[in-house]
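Below is one structure; the comments refer to it alone.
Protein chains: 2
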Amino acid sequence: MAEHISKQFDLELENIRTRVLQMGGLVEQQIARAAQGLLEENLVLSDAVIEDDHRVNELEIELDETCSQVIAKRQPTAIDLRLITAVIKTITDLERIGDEAKKIAKIGKVIHEGSFLASPRVQISHMADLATAQLRRALDCFARLDMEGAIQVVRDDKVIDAEFKGLMRQVITFMMEDPRTISVGIDMIFVAKALERIGDHAKNMAEYVFYMAKGEDMRHAKLAEIEKAAGHG
Amino acid sequence: MAEHISKQFDLELENIRTRVLQMGGLVEQQIARAAQGLLEENLVLSDAVIEDDHRVNELEIELDETCSQVIAKRQPTAIDLRLITAVIKTITDLERIGDEAKKIAKIGKVIHEGSFLASPRVQISHMADLATAQLRRALDCFARLDMEGAIQVVRDDKVIDAEFKGLMRQVITFMMEDPRTISVGIDMIFVAKALERIGDHAKNMAEYVFYMAKGEDMRHAKLAEIEKAAGHG
């Protein structure tokens, strides 16, 4: 009987994990479509992202509810409880990533043909690829409790931050040279900022992997401390 | 004996609630000092905010840990479990508000005398007051499980959003008239954006009050639905 309950419980945890990954897949798709909608001036895609944001929100609420039910029913301790706590935090970040994708889609809807600066377009495309890759890797680390990978995600967040700063400098130069580009330049900065924040959320998610795996809370820790905790020190 | 355990448990929940309010007080102070540091070009204040951010982070980690311990030990259900889940979400928002205050402080450190646009200064001061008031009210609603007040916080978030848009328009006009104001103008936009996000976090916190009080998840709901749920419909 005890084994049966435990098996059932394992299934429930596996189900939660699977649904987090599904939510992650949807959010990843939202970023990709928001970036594509903006870069290709494809209003249908931008509209679809805005329309589908409620699906991300619903998944968060459903998963929160499931986590509460499992806590109430199974009274988990130790690693199982850490998994559930990490899931509650992770889905908050996924939902906020969805919000950032929606912001990009909204800007995509007001960017008019020809008003779009050519050069930042390349950088934004690159930043979108980086942010999507970071999210995918963070989800992968979550699925496999991969601490090595999680360290790499935390470390690589700096790359997106550097890209953001580079884009800012470039856009400011454009704006100074030609004040007609100011409005669209600010839109570009907001898009880049949204992508940079997506990177931050992916980093948060990678830090929860440490918490799940080791029970040590690595949020806000310096990179060196994280590596030490993972046995790299 | 049962009564004793229950009393002990009540004390633990009360202790969690008190510590959330303490964390909220610290975060409120961080916003106020960040805004003052920026507006009065007071580097000592800006530095203090950056220095003290780790205290906010530590409070989040300690509270997460306490919540996990209480779940493991007390196996709470229904309203108690909802309180703890809401606390885990609330402190994430408080920590992110702390991050926004830190961003404002960092911008405060690079704003040089005379480079600061006079007019947005007034609006930023006003937005900082609004954001701080929203946070204080959200915390108050949390402490008193006040759904009426929580509705008002959700409703008033629109005021900060409108202020942000007004400031954006004004700063863009300045930038177009005098491209030398572009750099400082973008700094101003980022400060305003940080304040607008603080408002969003306060709104999130108000929405968790619904979840605690009624067990209904009002996040992402339209204002009309929220009012209906609270018996205003």
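Just so you know, the protein sequences line up as chains A and B, in that order.
Counting the first sequence from 1 gives a position; this note's numbering is that position plus 26.
Counting the second sequence from 1 gives a position; this note's numbering is that position plus 26.
All C-beta atoms in this analysis are idealised placements derived from N, C-alpha and C, irrespective of residue type, glycine included.
Note that the structure is predicted; figures quoted are calculated from it, not measured.
(message) Let me make sure I understand the geometry here. Which of A/Q34, A/E40, A/D36 and A/K33 has the alpha-carbon closest to that of A/A169?
(response) Comparing Cα-Cα distances from A/A169 to each of A/Q34, A/E40, A/D36 and A/K33, the minimum goes to A/E40.
(request) Excluding the 5 residues preceding and the 5 following B/L165 in the sequence, name in chain order all residues of the same chain whose CB lies nearer than 7 angstroms to its CB. (result) Contacts found: L47 and G50.
(message) Within a Cβ cutoff of 6 angstroms, which residues of the same chain sit near A/V96, ignoring the five residues on either side of it in sequence?
(response) Counting only Cβ-Cβ distances below 6 angstroms, and skipping sequence neighbours, we find E38.
(message) Can you pull out the residues from the region 89-101 of chain A whose beta carbon lies closer than 8 angstroms to at least one beta carbon of chain B?
(response) Listed by position, the residues of the region 89-101 of chain A near chain B (Cβ gap below 8 angstroms) are D90, E91, C93, S94, I97, A98 and Q101.
(request) Report yes or no: is there a C-beta of chain B within less than 7 angstroms of the C-beta of A/L107? (result) Chain B contact via Cβ: present.
(request) Would you please verify whether the beta carbon of B/P205 is less than 7 angstroms from any beta carbon of chain A? (result) Taking 7 angstroms as the CB threshold, B/P205 lines the interface with chain A.
(request) Give the DSSP-derived three-state secondary structure of B/I137 in the structure shown. (result) Secondary structure of B/I137 (DSSP, three-state): coil.
(request) With 7 angstroms as the threshold, decide whether the Cβ of A/I198 is near any Cβ in chain B. (result) Chain B contact via Cβ: present.
(request) Starting from B/L71, trace the alpha helix (DSSP H) both ways and give me its first and last residue. (result) Secondary structure note for B/L71: its alpha helix (DSSP H) is the uninterrupted segment L69 to R100.
(message) Which residue marks the beginning of the alpha helix (DSSP H) containing B/R199, and which one marks its end?
(response) Strictly speaking, residue 199 of chain B in this sequence is Thr, with Arg absent from that position. Looking at the DSSP string, the run of the alpha helix (DSSP H) that includes B/T199 is M173 to E203.
(request) Output the distance between the C-alpha atoms of A/A112 and A/Y234, rounded to the nearest integer angstrom. (result) A/A112 and A/Y234: Cα-Cα distance of roughly 6 angstroms.
(request) Can you tell me which of the three DSSP states A/H66 falls into? (result) Looking at the sequence itself, residue 66 of chain A is Glu, so the reference to His does not match. Here A/E66 sits in coil by DSSP.
(message) Please tell me whether A/M153 and A/A239 are closer than 7 angstroms, where the distance is taken between their beta carbons.
(response) No; because the gap between Cβ atoms is not below 7 angstroms, this pair is not in contact.
(message) Under 7 angstroms, Cβ to Cβ, is there at least one residue of chain B near A/I208?
(response) For A/I208, the answer is yes, since a Cβ of chain B falls inside 7 angstroms of its Cβ.
(request) Note down the Cα distance separating A/V136 from A/L71, rounded to an integer number of angstroms. (result) Here the C-alpha atom of A/V136 lies approximately 13 angstroms from the C-alpha atom of A/L71.
(message) Suppose contacts are defined by Cβ-Cβ distances below 7 angstroms. Is B/G124 in contact with B/V82 by that definition?
(response) Cβ distance < 7 angstroms, so B/G124 and B/V82 count as in contact.
(message) Between the alpha carbons of A/D187 and A/V179, how many angstroms are there, rounded?
(response) Each residue's alpha carbon lies about 13 angstroms from the other.
(request) Pull up the distance between the alpha-carbon of B/G259 and that of B/A250, whole angstroms please. (result) With a pLDDT of 38 at B/G259, under the threshold of 50, the predicted position of this residue should be treated as unreliable, though the coordinate-derived value follows. The alpha-carbon atoms of B/G259 and B/A250 are separated by roughly 7 angstroms.
(request) Could you check which residue in B/A220, B/A74 and B/Q196 has the C-alpha nearest to that of B/Q55? (result) Taking only the C-alpha atoms, the option nearest B/Q55 is B/A74.
(request) Compare the C-alpha of A/A104 against each of B/L107, B/A58, B/E67 and B/E91 and name the closest. (result) Taking the Cα of A/A104 as reference, the smallest distance to any Cα among B/L107, B/A58, B/E67 and B/E91 is reached at B/E91.
(message) So, with DSSP's three-state summary, where would you put B/T118?
(response) It is helical.
(request) Please list the partners that A/I150 has in chain B, where partner means a Cβ-to-Cβ separation under 9 angstroms. (result) Among the residues of chain B, none has a CB under 9 angstroms from the CB of A/I150; the nearest is roughly 17 angstroms distant.
(request) Quick one: give me the first and last residue of the alpha helix (DSSP H) that B/R223 is part of. (result) B/R223 -> alpha helix (DSSP H) spans I208 to K240.
(message) For B/V148, count the other beta carbons within 10 Å of its own beta carbon; 16 or more makes it buried, fewer makes it exposed. Which is it?
(response) So B/V148 counts as exposed.
(message) Within 10 Å of its beta-carbon, does B/D213 have 16 or more other beta-carbons around it, so buried, or fewer, so exposed?
(response) Around the beta-carbon of B/D213, 16 or more other beta-carbon atoms lie within 10 Å, marking it buried.
(request) Can you have a look at A/M27 and say buried or exposed, based on whether 16 or more other CB atoms are within 10 angstroms of its CB? (result) Residue placement at A/M27 is poorly supported in this model, since its pLDDT is 43, which falls under 50; the coordinates still yield a value, given next. By the 10 Å Cβ count, A/M27 comes out exposed.
(message) Please return the same chain residues whose Cβ sits closer than 7 angstroms to the Cβ of A/R162, not counting the five positions on each side in sequence.
(response) Same-chain partners within the cutoff: E54.
(message) Looking at chain A, is there any beta carbon in it that lies within less than 7 angstroms of the beta carbon of B/M49?
(response) It does not: the Cβ of B/M49 has no partner Cβ on chain A nearer than 7 angstroms.
(request) Verify whether the separation of the beta carbon atoms of B/I57 and B/E86 is less than 7 angstroms. (result) 7 angstroms or more divides the Cβ of B/I57 from the Cβ of B/E86.
(request) Rounded to whole angstroms, what's the CA-CA distance from A/G225 to B/K33? Just pull it up for me. (result) Cα to Cα, A/G225 sits roughly 44 angstroms from B/K33.
(message) Quick check on A/H80: buried or exposed, where buried means 16 or more other Cβ atoms within 10 Å of its Cβ?
(response) Exposed, by the Cβ-count rule.
(message) Going by C-alpha to C-alpha distance, which of B/L156, B/R195, B/I110 and B/T44 sits closest to B/A61?
(response) Selected option, being the one with the closest Cα: B/L156.
(request) Consult DSSP for A/T44 and reduce its assignment to one of helix, strand or coil. (result) For A/T44, the secondary structure class from DSSP, reduced to helix, strand or coil, is helix.
(message) Residues of the region 113-137 of chain A in Cβ contact with chain B at a cutoff of 8 angstroms, in chain order, please.
(response) Result list: I114, K115 and T118.
(message) Tell me the rounded alpha-carbon separation between A/I110 and B/F216.
(response) Take the alpha-carbon of A/I110 and the one of B/F216: they are about 35 angstroms apart.
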